[in-house]
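Residue numbers (this note's numbering), protein chains in the order written: chain A, 25 to 233; chain B, 25 to 233.
Note that beta-carbon positions come from the ideal geometry of N, C-alpha and C, so glycine has one too.
Everything on this sheet refers to the single structure shown next.
Number of protein chains: 2
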Amino acid sequence: MPEARASRVLSELRRRIVMNELTPGAVLTELGLAADLACGQSSVREALLRLEGEGLVLRAGRQGTTITDLDVESASEMLDLRRRIELRGARRALRRVSAGDLAGLLAIQERMEAAAADSDAWAVLERDMDLHLALFRVSGLHAMGPILARCMLHSHRFRLWAPWHRRSLIETARRHRPILAALQAGDAAGLARELGAHLDTIVERDAAA
Amino acid sequence: MPEARASRVLSELRRRIVMNELTPGAVLTELGLAADLACGQSSVREALLRLEGEGLVLRAGRQGTTITDLDVESASEMLDLRRRIELRGARRALRRVSAGDLAGLLAIQERMEAAAADSDAWAVLERDMDLHLALFRVSGLHAMGPILARCMLHSHRFRLWAPWHRRSLIETARRHRPILAALQAGDAAGLARELGAHLDTIVERDAAA
DNA sequence: CCTGTCATCGATATCGATAAGCCATCGAGG
DNA sequence: CCTCGATGGCTTATCGATATCGATGACAGG
Chain A
25 MPEARASRVL
35 SELRRRIVMN
45 ELTPGAVLTE
55 LGLAADLACG
65 QSSVREALLR
75 LEGEGLVLRA
85 GRQGTTITDL
95 DVESASEMLD
105 LRRRIELRGA
115 RRALRRVSAG
125 DLAGLLAIQE
135 RMEAAAADSD
145 AWAVLERDMD
155 LHLALFRVSG
165 LHAMGPILAR
175 CMLHSHRFRL
185 WAPWHRRSLI
195 ETARRHRPIL
205 AALQAGDAAG
215 LARELGAHLD
225 TIVERDAAA
Chain B
25 MPEARASRVL
35 SELRRRIVMN
45 ELTPGAVLTE
55 LGLAADLACG
65 QSSVREALLR
75 LEGEGLVLRA
85 GRQGTTITDL
95 DVESASEMLD
105 LRRRIELRGA
115 RRALRRVSAG
125 DLAGLLAIQE
135 RMEAAAADSD
145 AWAVLERDMD
155 LHLALFRVSG
165 LHAMGPILAR
175 CMLHSHRFRL
185 WAPWHRRSLI
195 ETARRHRPIL
205 AALQAGDAAG
215 LARELGAHLD
225 TIVERDAAA
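Have a look at this one:
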């Protein structure tokens with residue numbers, strides 16, 4: 025039964041941070057978490073190492089690990105970056121997408137909608153990131169996937185922190201359908217339009233009514 | 025005397041990969057590296073975890089760790105991304121730079137030139153990345169630093185892999201002076217021009233004579 | 001009162017051993 | 001001959017114990 029310990033610890037901590045259950049400045053200790061999560065120091069350590077790579081925690085040597093500050097300006101830059109990366113990726117993906125790719129994407133889409141039906145906000149978010157990453161992976165720019173992942177993570181963290189971005193989970197999940205439809209239809213202009221609109225409305229940066 | 029074990033292992037492995045001593049597809053084992061580098065499995069493990077975060081290795085569960093492929097298209101995208109990130113960062117840095125920042129930047133510059141005088145290519149490269157990162161840090165966009173670092177790492181890996189990009193180390197090191205000079209002078213146009221030109225010539229993508 | 005030194009304490013960093021997973025290979029049965 | 005299942009070997013994953021570091025606070029001397 026012991027398997028993927030570190031992986032589950034990682035998911036759990038990531039969830040707590042992105043959902044703002046752990047707030048910036050909070051101090052974590054490896055042994056403390058190990059006790060909480062019923063595993064050894066090693067597993068926690070590995071998870072924290074990865075979280076540091078994702079920019080969610082800051083490991084300060086022997087003085088413990090703290091949750092990183094929510095950096096609004098960086099979040100905004102990352103959203104811009106994300107937009108650029110995904111749009112360029114989508115253009116390439118259109119020329120390379122296979123039937124198998126599409127099936128995989130649609131499967132993720134369905135799981136996302138199922139999670140939305142369960143009102144499981146975190147699961148929806150994970151599937152959302154899965155979907156965007158899987159779409160990007162079709163572009164073949166493999167080395168850039170993790171950068172995109174990081175941008176997404178921070179965008180979402182900011183979105184969930186800002187109290188004014190609330191949308192029903194079902195709506196959130198459904199918003200991806202037109203993107204996949206355009207991809208399936210091989211409609212470059214439509215794909216760019218739908219994906220661009222989608223990214224533009226992740227965070228409403230201006231309080232424009 | 026034991027300290028910074030993992031850190032030294034990390035640097036060493038990073039050097040071997042970026043300098044293309046370890047070529048794509050090569051398989052590494054944690055215990056094998058531990059023996060080679062005279063340390064325990066934990067230190068190697070931590071280093072590999074970080075290298076995976078940097079996109080230089082791919083950890084395939086219990087099947088070992090392999091060096092990632094050199095992805096030319098991603099490298100090109102990353103160079104674009106880097107250009108954008110650094111130029112935007114520099115614009116902000118100009119408004120925030122302090123005397124202390126400048127002193128620190130100049131110190132790095134001097135160390136880079138010293139390394140160039142020693143013909144230590146890897147040290148020059150490390151100082152180069154230090155310098156660009158330190159400059160970017162002045163912008164205050166802290167959460168984006170690691171993304172920039174990753175882009176730089178891959179740009180350099182590609183540059184060193186492509187046999188036609190050779191420049192004297194001294195010249196490489198000196199090329200940063202006009203950038204710092206423009207920063208010191210508070211010259212926005214000059215900074216953008218010098219930094220842009222610098223980034224444009226890291227890799228000559230076209231074989232334009 | 002202020003300052004510099006040192007003991008203590010809480011945390012990480014590292015190690016070595018063990019459990020467990022994955023692959024290849026070999027062997028038996030159809 | 002082909003296929004399927006067991007087995008051995010190599011690797012990571014996890015644990016528990018220990019070395020070591022850095023901060024903190026007590027304390028003595030100025």
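According to DSSP, LEU52(A) shares a beta bridge with THR89(A). Annotated as distal: ARG116(A) and LEU73(B), with beta-carbon spacing of 9 Å or more.
The C-alpha of MET136(A) is placed about 7 Å away from the C-alpha of ASP152(A). In the DSSP assignment, VAL42(A) falls within the alpha helix (DSSP H) that extends over 29-42. As a beta-bridge residue in DSSP terms, LEU82(A) pairs with THR90(A).
The beta-carbon distance between LEU184(A) and SER143(A), rounded to whole angstroms, is 15 Å. This is too long to meet the 8 Å contact definition.
At a cut-off of 9 Å between C-beta atoms, GLU70(B) counts as an interface residue with respect to chain A. Shown here, LEU46(B) sits in coil according to DSSP, grouped into three states, outside any helix or strand. For ARG217(B), the enclosing alpha helix (DSSP H) begins and ends at 212-224. For ALA206(B), same chain residues with a beta-carbon under 6 Å away, outside a window of 5 residues either side, are GLY214, LEU215, GLU218 in chain order.
Under the 10 Å beta carbon count, ASP224(A) is surrounded by fewer than 16 other beta carbons and is classified as exposed. Pairing ALA114(B) with LEU159(B), the inter-Cα distance amounts to about 7 Å. At least one C-beta of chain A is nearer than 9 Å to the C-beta of ILE109(B).
No Cβ of chain B is located within less than 9 Å of the beta carbon of ILE91(A). Taking 9 Å as the threshold, the shortest C-beta distance from MET168(A) to chain B falls below it.
By the neighbour-count criterion, in which 16 or more other beta carbons inside 10 Å mark a residue as buried, GLN65(B) falls on the exposed side.
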